[in-house]
Each structure stands twice: as C-alpha cells, then as structure tokens.
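First the structure, in the form of structure tokens, and then the observations on it.
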C-alpha cells in the first residue's frame with residue numbers, strides 16, 4: 001500500500017499542515033511532522049516557473065524522505081502548463097501527490113485567474129484538473145477550494161462534484177469565500193455539505209486552533225481529515241494535542257510517534273519554544289545557503305509567530321527586529337533559553 005493510500009486508513013482522521021506561502025518551508029514542515037502532522041504540503045508553486053526550470057521554484061518544492069506522505073501544491077490558469085509542471089514534478093521529485101490550488105485568495109494569484117479566481121470559472125477548473133490527472137497517471141491528484149467567490153456564488157458542492165469526476169482523489173475545503181479572505185468565521189456546515197455530496201475524502205480547513213474545536217468539527221461535519229493552517233504557525237505542537245484529543249474521542253489510536261510531548265498549556269514551556277526557534281532559524285538558514293549571511297532579516301517574519309502566547313515572548317519579538325545576522329539571532333535565542 002502506498003503512502004498516499006495509507007492516509008485515510010479506517011478509523012483515523014489524518015491531520016494536514018496547510019500550505020502557506022512564506023511559512024511552510026521544508027524545515028517548518030519537519031517540525032510539524034515530528035509533532036504528529038500526518039500529511040505535509042509544500043508552499044504553493046506557480047506552474048510557469050517550474051516549467052521554465054527556475055531554481056527558486058524547484059528549491060521550494062523539495063521535501064525530505066522523512067516527510068512522506070508529502071504533496072506539492074501548484075497553481076495556474078493554463079491547463080497545459082499545469083499538466084507539464086505536474087509531469088516534471090512527478091519525474092524529478094516523486095511526490096506522494098500533486099495538489100491543485102483553487103482556493104488562494106491573494107490578489108496577485110486571483111488576477112491571473114488562478115487560485116480562488118477559478119471558482120468563477122468551474123469549467124476551466126475542471127479542465128485543469130483533467131489535464132493534470134492525465135499527465136501524471138502514477139501520482140494521485142488532490143485539490144483545495146473555498147466555498148465560492150462570494151456569498152452570492154457558493155459553488156463548493158458543484159466544484160467538488162466536477163473535480164471528483166475529473167479524477168481528483170482528495171478535496172480540501174476552506175470554509176470561507178474568496179471575498180471573506182480570512183475575516184469572519186469558517187462555515188463548517190457548508191464544509192459538511194460538500195463532504196456529504198461526494199464519495200472522495202473531504203478535508204476540512206478553517207479556524208481549527210485547538211484540540212476541542214478539532215474534535216467538534218470532525219463530529220459535526222463528517223469530514224475525513226483536518227487541515228491546520230494559521231493555528232500551526234509558530235506552534236507545531238498543536239498537532240500532538242489534536243492527535244491525542246482525536247484518539248480519546250475514538251478517531252484512531254494514539255500512536256507513539258503521534259504523542260509528542262504532553263503539555264497541557266496552549267504552548268510548551270518557553271525554553272522549549274525558544275529552543276525550537278533557534279533550531280528552526282539555523283536549519284532554515286543552512287537549507288537556504290545563508291548560514292554565514294549577514295542578512296537574515298527574511299527569517300524574522302517566520303519566527304514572530306513562535307513568540308506569541310509565550311511568557312517573555314513580547315520582549316523577544318521586540319528584539320528580533322534588531323537582529324541582522326544569524327549570530328545575532330543565535331545570541332538572542334540562547335539568552336532567552338537560559339533565562340527561561
């Protein structure tokens with residue numbers, strides 16, 4: 001049985017780390033995997049740069065063997081380019097699945113008629129899905145959508161049926177429209193409607209920020225899996241807490257690898273958090289080839305979420321802005337660990 005086929009084995013609700021541009025890099029994905037994330041998806045990648053073999057696009061697609069089952073998410077509006085990008089990814093990296101982004105609300109994506117812009121053109125969305133499925137017959141294709149473009153055009157059920165018919169194997173649904181962005185609350189009742197409308201597994205996404213909410217969403221919506229996005233930023237430990245809660249509620253067994261460290265607080269002790277920040281910064285700088293760089297300010301936005309909700313975090317966050325090198329970061333975080 002393949003790693004993909006293992007994802008939805010009977011009685012267990014898989015936990016996905018949502019793809020988030022600028023945050024879910026290969027090192028952060030590893031941290032989440034260690035804490036019980038079952039399925040990892042790359043940051044979204046535009047199809048055209050992959051086809052043109054641009055180095056950065058391919059770098060962002062990379063994952064390690066330990067991170068399987070791992071998927072690579074692509075976006076675009078041209079069926080032929082999407083199909084070719086998927087074919088190249090299959091040949092070069094052998095991901096466990098290719099994920100199609102039909103849900104990103106970012107203006108720069110929507111202006112290209114990609115991401116959630118395709119919720120206004122379901123025939124084109126379906127055409128893209130069919131082209132990709134045909135291009136990679138040996139690799140499962142999955143997709144992510146939103147409920148619709150706005151409250152007057154809720155099309156998630158129709159989109160789900162079209163994608164299922166096109167050969168998409170799993171569908172993630174974010175419970176907001178494109179117009180909402182990330183405002184308001186995710187509509188899990190509508191996510192449940194999608195789950196009941198198709199035979200393929202539906203993964204629910206939106207506002208899952210704690211274990212209690214996760215269990216309630218699974219029970220009420222009937223989704224086959226959960227995708228954790230913003231709730232995981234700076235907090236990979238959320239996966240171990242949700243996994244234990246789901247196991248206690250009867251949604252699978254708590255495996256030893258899922259258990260993580262048992263912290264009753266929202267986040268672990270600050271020494272653990274600051275140590276994780278330091279490890280993350282060092283490994284990401286090394287992965288990106290910037291270990292000796294005097295300019296690591298690009299790292300700061302990725303580190304900020306770790307400091308939220310942690311005693312002393314505000315002071316560390318304020319001092320991060322003065323760090324210009326990896327050595328500066330290392331000194332700050334080592335001091336913070338020692339003081340914890």
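Numbering (full-length UniProt numbering), first residue to last: 1 to 340.
Heads up, the beta-carbon is just placed ideally off N, CA and C, and yes, glycines get one too.
Because the structure is a prediction, the values reported are computed rather than measured.
* **Burial state of residue 64 (16 or more Cβ within 10 Å)** => Translated into the one-based positions of the chain shown, residue 64 becomes position 64. Of the other Cβ atoms in all chains shown, fewer than 16 fall within 10 Å of the Cβ of residue 64; this residue is therefore exposed.
* To do: Indicate the three-state DSSP secondary structure (helix, strand or coil) for residue 63 in the structure shown.
  => Indexing the chain shown from 1 puts residue 63 at position 63. In the structure shown, residue 63 sits in coil (DSSP, three-state: anything other than H, G, I, E or B).
* Asked: Anyone know if the C-beta pair for residue 233 and residue 208 falls short of 8 Å?
  -> For the purposes of this step, residue 233 is identified with residue 233 of the chain shown, where counting begins at 1. For the purposes of this step, residue 208 is identified with residue 208 of the chain shown, where counting begins at 1. Between residue 233 and residue 208, the C-beta spacing is not below 8 Å.
* So is residue 108 buried or exposed if we call it buried at 16+ other beta carbons inside 10 Å? -> In the chain shown, residue 108 corresponds to position 108, counting from 1. By the Cβ neighbour-count rule, residue 108 is exposed, with fewer than 16 other Cβ atoms within 10 Å of its own.
* **Residues of its chain near residue 167, where Cβ-Cβ distance is below 6 Å and the 5 sequence neighbours each way are ignored** => The residue given as residue 167 occupies position 167 in the chain shown. Taken in chain order, the residues that qualify are 133.
* In chain order, what residues of the same chain lie with their CB nearer than 8 Å to the CB of residue 181, ignoring the 5 residues before and after it? -> Translated into positions along the chain shown, residue 181 becomes position 181. Shown here for residue 181: same chain residues with a beta carbon closer than 8 Å to its own, the five before and five after excluded, namely 105 in chain order.
* Would you mind giving the Cβ-Cβ distance between residue 154 and residue 15, rounded to the nearest angstrom? I have them listed as a contact below 8 Å. => Walking along the chain shown from the start, residue 154 turns up at place 154. Walking along the chain shown from the start, residue 15 turns up at place 15. About 27 Å separates the two Cβ atoms, so there is no contact after all.
* Asked: Taking all protein chains shown into account, do 16 or more other C-beta atoms lie within 10 angstroms of the C-beta of residue 84, making it buried, or fewer, making it exposed?
  -> For the purposes of this step, residue 84 is taken as residue 84 along the chain shown, with counting starting at 1. The residue in question, residue 84, is buried, as its Cβ has 16 or more Cβ neighbours within 10 Å.
* Asked: With distances taken from CA atoms, which of 74, 169 and 216 is nearest residue 202?
  -> What you label residue 202 is simply residue 202 of the chain shown in a count that begins at 1. It is 169.
* Asked: Looking at residue 28 and residue 69, is the spacing between their C-beta atoms short of 8 Å?
  -> The sequence position of residue 69 within the chain shown is 69, counting from 1. The sequence position of residue 28 within the chain shown is 28, counting from 1. Contact: no.
* Sufficient close CB pairs (3 or more, under 8 Å) joining the stretch 310 to 318 to the stretch 266 to 284 -> Below 8 Å, enough C-beta pairs join the stretch 310 to 318 and the stretch 266 to 284 to call them touching: three or more.
* First and last residue of the uninterrupted alpha helix (DSSP H) at residue 210 -> Position 210 of the chain shown, counting from 1, holds the residue named residue 210. Run containing residue 210: none; DSSP gives neither H nor E here.
* Can you tell which of 288, 327 and 73 has the C-alpha that lies nearest to the C-alpha of residue 89? -> In the chain shown, the residue the question calls residue 89 occupies position 89. Nearest option by C-alpha distance: 73.
* Per DSSP, cross-strand counterpart(s) of residue 174 -> Locating residue 174 in the chain shown gives position 174, counting from the first residue. The partner list for residue 174 (beta bridge, DSSP) reads 146 and 205.
* Asked: How is the beta strand (DSSP E) around residue 71 delimited, first residue to last?
  -> Looking up residue 71 in the chain shown gives position 71. Note, residue 71: beta strand (DSSP E), 70 to 75.
* Could you tell me the distance, in whole angstroms, from the CA atom of residue 194 to the CA atom of residue 103? => What you label residue 194 is simply residue 194 of the chain shown in a count that begins at 1. What you label residue 103 is simply residue 103 of the chain shown in a count that begins at 1. If I take the Cα positions, the gap works out to 15 Å.
* To the nearest angstrom, report how far apart residue 116 and residue 336 are at their CA atoms. => Taking the first residue of the chain shown as position 1, residue 116 is located at position 116. Taking the first residue of the chain shown as position 1, residue 336 is located at position 336. If I take the Cα positions, the gap works out to 41 Å.
* To do: Return the CA-CA distance between residue 162 and residue 218, expressed in angstroms with no decimal places.
  => On the chain shown, position 162 is the one that residue 162 refers to. On the chain shown, position 218 is the one that residue 218 refers to. Cα-Cα distance, rounded: 24 Å.
* Asked: Span of the beta strand (DSSP E) holding residue 16?
  -> On the chain shown, residue 16 is found 16 positions in, with the first residue counted as 1. Following the DSSP letters along the chain, one finds residue 16 inside the beta strand (DSSP E) bounded by residues 15 to 17.
* **Cα-Cα separation, residue 113 to residue 338** => For the purposes of this step, residue 113 is taken as the residue at position 113 of the chain shown. For the purposes of this step, residue 338 is taken as the residue at position 338 of the chain shown. Whole-angstrom Cα-Cα distance: 50 Å.
* Taking all protein chains shown into account, decide if residue 314 is buried (16 or more other Cβ within 10 angstroms of its Cβ) or exposed. => Taking the first residue of the chain shown as position 1, residue 314 is located at position 314. Exposed, since its Cβ has fewer than 16 Cβ neighbours within 10 Å.
* **Neighbour-count burial assignment, residue 327, 16 or more Cβ in a 10 Å radius** => Mapped onto the chain shown, residue 327 falls at position 327. Looking at its Cβ environment, which holds fewer than 16 other Cβ atoms inside 10 Å, residue 327 is exposed.
* To do: Within 10 angstroms of the Cβ of residue 241, are there 16 or more other Cβ atoms? Answer buried if so, exposed if not.
  => For the purposes of this step, residue 241 is identified with residue 241 of the chain shown, where counting begins at 1. With 16 or more neighbouring CB atoms inside 10 Å of its own CB, residue 241 falls in the buried class.
* For residue 296, three-class secondary structure by DSSP -> Along the chain shown, one-based indexing puts residue 296 at 296. It is coil, neither helix nor strand.
* In angstroms, rounded to a whole number, what distance separates the CA positions of residue 296 and residue 18? -> On the chain shown, position 296 is the one that residue 296 refers to. On the chain shown, position 18 is the one that residue 18 refers to. Distance from the CA atom of residue 296 to the CA atom of residue 18, rounded to whole angstroms, is 25 Å.
* Which class does residue 99 belong to by DSSP, given the choice of helix, strand or coil? -> On the chain shown, position 99 is the one that residue 99 refers to. Three-state DSSP puts residue 99 in a strand.
* Asked: What's the gap between the Cα of residue 212 and the Cα of residue 188?
  -> Taking the chain shown and counting its residues from 1, the one referred to as residue 212 is at position 212. Taking the chain shown and counting its residues from 1, the one referred to as residue 188 is at position 188. Approximately 15 Å between the Cα atoms of the pair.
* Asked: Looking only at its own chain, which residues have a Cβ that is under 6 Å from the Cβ of residue 57, when we skip the five neighbours before and after it?
  -> Within the chain shown, numbered from 1, the residue matching residue 57 stands at position 57. Answer for residue 57: 45, 49 and 50, listed in chain order.
* To do: Give every residue of the same chain whose Cβ lies closer than 8 Å to the Cβ of residue 142, excluding the five residues on either side of it in the sequence, and list them in chain order.
  => Your numbering for residue 142 matches position 142 in the chain shown. Here the set comprises 71, 97, 98, 99, 100, 168, 169, 170, 171 and 172.
* Asked: residue 39 lies in the beta strand (DSSP E); which residues open and close that run?
  -> Walking along the chain shown from the start, residue 39 turns up at place 39. 39 to 41 is the extent of the beta strand (DSSP E) around residue 39.
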